[in-house]
Amino acid sequence: FYRVTGTKAPGTGIGLANVQRIVKAHGGHVLVQSKVGQGTRFEVLIPLEREGASKLELPQGEDDVPAAP
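Heads up, the sequence shown is in the working numbering, so the first residue is 4 and it goes up one at a time.
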């Protein structure tokens with residue numbers, strides 16, 4: 004993913020290169036399909052669990068979670 008030189012349109016988001024780095028850091032992939040005159044489709048695939056990742060223990064019960072102000 005890169006920005007073509009000589010383009011006049013300003014960027015509007017965080018950039019595809021950053022998206023790709025973030026998704027890869029989570030063990031995922033970015034898929035792209037593009038058809039001239041029809042548009043471009045981006046799919047971001049991130050696994051539900053990463054191999055070797057420890058599971059986060061969440062508090063159980065109402066007493067463990069602070070109430071909103």
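Ideal Cβ placement from N, Cα and C applies to all residues, glycine included.
Beta-carbon proximity check, residue 31 vs residue 17, cutoff 9 Å: Residue 31 sits at position 28 when you count from the first residue of the sequence shown. Residue 17 sits at position 14 when you count from the first residue of the sequence shown. No, they are not a contact pair.
Am I right that residue 47 and residue 35 are in contact with their C-beta atoms under 8 Å? What's the rounded C-beta distance? The residue given as residue 47 occupies position 44 in the sequence shown. The residue given as residue 35 occupies position 32 in the sequence shown. Not quite, the Cβ-Cβ distance comes to about 10 Å (not below 8 Å), so this is no contact.
State the start and end residues of the unbroken beta strand (DSSP E) segment that holds residue 47. Position 44 of the sequence shown holds residue 47. Looking at the DSSP string, the run of the beta strand (DSSP E) that includes residue 47 is 42–48.
Can you tell which of 45, 39 and 41 has the C-alpha that lies nearest to the C-alpha of residue 23? Position 20 of the sequence shown, counted from the first residue, corresponds to residue 23. Residue 23 has its Cα closest to that of 45, out of 45, 39 and 41.
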